[in-house]
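This report concerns only the one structure given below.
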Amino acid sequence: MERAVNPLVPGRLLLTVRLGEMPEHVPGLRAVFGYGTDKAEHVDGGVIDRLLRHHGGAFRATRLHSARRRRSERPVPGARRFDDVEQITGVARVLRIEVRDAAGVPALLQALAEVPVVERVGADHLCVGPFAADGNADAPSRLDAAAAAWAHELIHLPQALDYEPGDPATVVGLADTGVALQHEELRARLRAGFDSVDLDPDQVGDLTLVGDFRHRGEEPQDEVGHGSGCAGILSALGRGIARGGAGACGLTPVRVLGAALGPGNKRFGVGALDNIDAGMKRLIDLNVKVINMSFGTPESALLPDAPRPHEEVIRYALARGVILVAASGNSGEEERFYPAAHDGVIAVGAVDRRLEPLGFSTRGRHVAVCAPGRDIPTCGLQGYQSATGTSFAAPFVAAACALLASRASRRAWPFDSHDAGDVLAASARPFGRAGVEGSGRGVVDALAALRLLDRRIDQDIALEAQPRDERDEDAIPTPSGPEVALRPGPFPPSRPGSRPYHRNAAEETPNGEQSKFQ
Numbered sequence: 063m064e065r066a067v068n069p070l071v072p073g074r075l076l077l078t079v080r081l082g083e084m085p086e087h088v089p090g091l092r093a094v095f096g097y098g099t100d101k102a103e104h105v106d107g108g109v110i111d112r113l114l115r116h117h118g119g120a121f122r123a124t125r126l127h128s129a130r131r132r133r134s135e136r137p138v139p140g141a142r143r144f145d146d147v148e149q150i151t152g153v154a155r156v157l158r159i160e161v162r163d164a165a166g167v168p169a170l171l172q173a174l175a176e177v178p179v180v181e182r183v184g185a186d187h188l189c190v191g192p193f194a195a196d197g198n199a200d201a202p203s204r205l206d207a208a209a210a211a212w213a214h215e216l217i218h219l220p221q222a223l224d225y226e227p228g229d230p231a232t233v234v235g236l237a238d239t240g241v242a243l244q245h246e247e248l249r250a251r252l253r254a255g256f257d258s259v260d261l262d263p264d265q266v267g268d269l270t271l272v273g274d275f276r277h278r279g280e281e282p283q284d285e286v287g288h289g290s291g292c293a294g295i296l297s298a299l300g301r302g303i304a305r306g307g308a309g310a311c312g313l314t315p316v317r318v319l320g321a322a323l324g325p326g327n328k329r330f331g332v333g334a335l336d337n338i339d340a341g342m343k344r345l346i347d348l349n350v351k352v353i354n355m356s357f358g359t360p361e362s363a364l365l366p367d368a369p370r371p372h373e374e375v376i377r378y379a380l381a382r383g384v385i386l387v388a389a390s391g392n393s394g395e396e397e398r399f400y401p402a403a404h405d406g407v408i409a410v411g412a413v414d415r416r417l418e419p420l421g422f423s424t425r426g427r428h429v430a431v432c433a434p435g436r437d438i439p440t441c442g443l444q445g446y447q448s449a450t451g452t453s454f455a456a457p458f459v460a461a462a463c464a465l466l467a468s469r470a471s472r473r474a475w476p477f478d479s480h481d482a483g484d485v486l487a488a489s490a491r492p493f494g495r496a497g498v499e500g501s502g503r504g505v506v507d508a509l510a511a512l513r514l515l516d517r518r519i520d521q522d523i524a525l526e527a528q529p530r531d532e533r534d535e536d537a538i539p540t541p542s543g544p545e546v547a548l549r550p551g552p553f554p555p556s557r558p559g560s561r562p563y564h565r566n567a568a569e570e571t572p573n574g575e576q577s578k579f580q
């Protein structure tokens, strides 16, 4: 079970100003941590400063994100280097503010929300994950080949890789606890990544942080095992487990969650919303095409009327054409976790070998599809682990999305997150039993999705080739064929840091059902 902690990062808030109101003098967080730039001690010289000092005492402010353009491309102050997409989606206008008096934050949030130039404001949240295996020292050095590949076979990934091997120019971003950089399955498959975690032991309650938790940097070394498990599903070489489902596609890891100790010295992921958002923004600016997000914050953990977590960075990713995949959650309830519940995010639930949704898989109308999520053979910190949770269902869908994006690119066809969700939902396999609700349209089928994409592209090309007077502009092509049973209706849109959705065998209840995270 999870340790009870205060989900708020004491004295820290995230404030988004309205378009055109970002003060130029406030430095970026990367400049502060990377180059020793001093944080700003005033924001607007007016009402915002007065409210901050009245309710919070002294304060310091930074811009959460850096501009996509480098100074060499546009030699102006950082606040003016943001382009139109960054401005309109809001990532250019987010301030991270730290106040001395944390007790005054509730009143401060209410007061700031009334200021006309403030678009939204909320407390920064500390996101704590379930206890994860700490390297799986007892895992075998090699796994039985058939046992290692069962989940890939279930969703026809080997056949999909024969159909579309993946394009190295299509890169998957993994926002997680990092990866085991020297793992024999991964080290030859990784692009350069980075670390966006900066945690203060005084701001995490009674949690015991371990490893590197203070210093952002360029080494996304996993200290938990969660991110390495996701990476194995995506990109393993296939020496001791099944080959990664993303094929030849690249993998860029970012460490957005650090490590803390729980009972029995088991490690689990811990991070803050601003750590996650900053890592996500930089990942998007590295031109990744797909991002896997196996973490989430339950709506029940938010303060009343609080903004939804990750809102600006999700909008930014979608505006840049990035395909977003997120684990739905492990609560076993019908509820919303963010980022999975944001519009445009492909929310993924978990099924077993019988194609039946698992009891711990979070349900809801926003869930798009399911994928295997119990006893998945994958990478650990050392050797291998058998992983369970929607955390490990999501990378299967991210892998399928990478192959779809590769196929679309090979055919010079535009393809975004909504396209991917639509194709995956329309080509999904039926569940193993009737009457399943809240778990999406079925179980992802990577091969059927690729074939459906090809047919849709063919039909769109044929439609465009028709003379204008022969077209029925209101007609929607309906793919047909024996390999895909289409269902009526579009991809169900999702709604708008964080907890890795990892379940351990030790958390099973006596009757074999997964217990709910508290």
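The numbering used here runs 62 ahead of the 1-based position in the sequence shown.
All residues carry an ideal CB built from backbone N, CA and C; glycine is no exception.
Using the Cα positions of residue i and residue j, report the straight-line distance between them to the nearest angstrom.
i	j	result
R133	E160	27 Å
R276	D260	4 Å
P439	G287	13 Å
M355	L236	7 Å
P29	A322	Nothing about residue 29 can be reported from this structure: the residues present for the chain run from 63 to 580 only.
R425	E103	44 Å
F493	F357	24 Å
G320	I523	47 Å
F583	T99	The shown model of the chain, from 63 to 580, leaves out residue 583, and the question about it has no answer.
R305	K343	29 Å
H372	T232	24 Å
V147	G445	42 Å
G107	V272	39 Å
A199	G240	Because A199 carries a pLDDT of 37, less than 50, the predicted location of this residue cannot be relied on, and no value is offered for it.
F193	G391	In this prediction, F193 has a pLDDT of 35, which is less than 50 and means its spatial position is unreliable; what the coordinates show is noted afterwards. Going from the Cα of F193 to the Cα of G391 covers about 15 Å.
R427	G421	17 Å
V212	A175	Note on residue identity: the sequence assigns Trp, not Val, to residue 212. Distance between the alpha carbons of W212 and A175: 51 Å.
A461	L252	15 Å
F454	A389	8 Å
T450	L91	35 Å
A185	P360	15 Å
A210	Q244	21 Å
G228	A120	52 Å
R329	E285	8 Å
L525	A254	42 Å
G497	S423	16 Å
E374	G96	24 Å
Tell me whether the beta-carbon of residue i lies closer than 9 Å to the beta-carbon of residue j.
i	j	result
D336	L126	yes
L223	G302	no
G406	L380	yes
A482	I408	yes
I110	L76	no
E418	G500	no
L313	L299	no
P69	C189	yes
G307	P137	no
L509	L81	no
L386	V352	yes
Given residue i, which residues of its chain have a CB within under 6 Å of its CB, disregarding the five upstream and five downstream residues?
i	result
P72	A164, Q265
R491	G504, V505, D507
G166	H117, G118
When the Cα of residue i is compared with those of the options, which residue comes out closest?
i	options	result
V384	D186, V234, D238	V234
Y378	L345, Q528, P529	L345
A141	N327, A93, L296	A93
L113	C189, A169, A496	A169
R130	D516, A464, L348, G502	L348
A123	V105, A510, F422	V105
V153	D339, E281, F121	D339
G294	V177, Q528, A242, I150	A242
L514	C463, Q447, D274	C463
A368	E181, D145, R115, G96	E181
R162	D145, R143, R382, R74	R74
P178	G289, V79, G326, S393	V79
Please list, in chain order, all residues of the same chain as residue i whose beta carbon is under 7 Å from its beta carbon, the five residues on each side excluded.
i	result
G341	A237, S258, V316, V318
E226	L465, S468, R469, L512
R549	Low confidence applies to R549: its pLDDT is 36, below 50, so where it sits in the model is not reliable enough to give any reading.
C292	L236, D238, N354, S356, S453, F454, P457
Can residue i be considered in contact with the ligand NAP, in the sense that its beta carbon sits closer than 8 Å to one or more heavy atoms?
i	result
S453	Of ligands this structure carries none, so the ligand NAP is not represented either.
Got a sec? Which residues, its chain only, sit under 8 Å from residue i by beta carbon, not counting five neighbours each side?
i	result
P89	T99, D100, K101, A102, T124, R125, G140
L216	R415, L417, P434, V505
Quiz prompt | Contact the region 399 to 415 vs the region 430 to 447: 3+ CB pairs below 8 Å | solution = yes
How about the region 147 to 157 and the region 82 to 89: do they share at least three Cβ pairs that are nearer than 8 Å?
yes
Decide if the region 484 to 491 is in contact with the region 245 to 262; the criterion is three or more beta carbon pairs, one per stretch, under 8 Å apart.
no
Pair every Cβ in the region 393 to 400 with every Cβ in the region 353 to 369, then say whether three or more of these pairs are closer than 8 Å. yes
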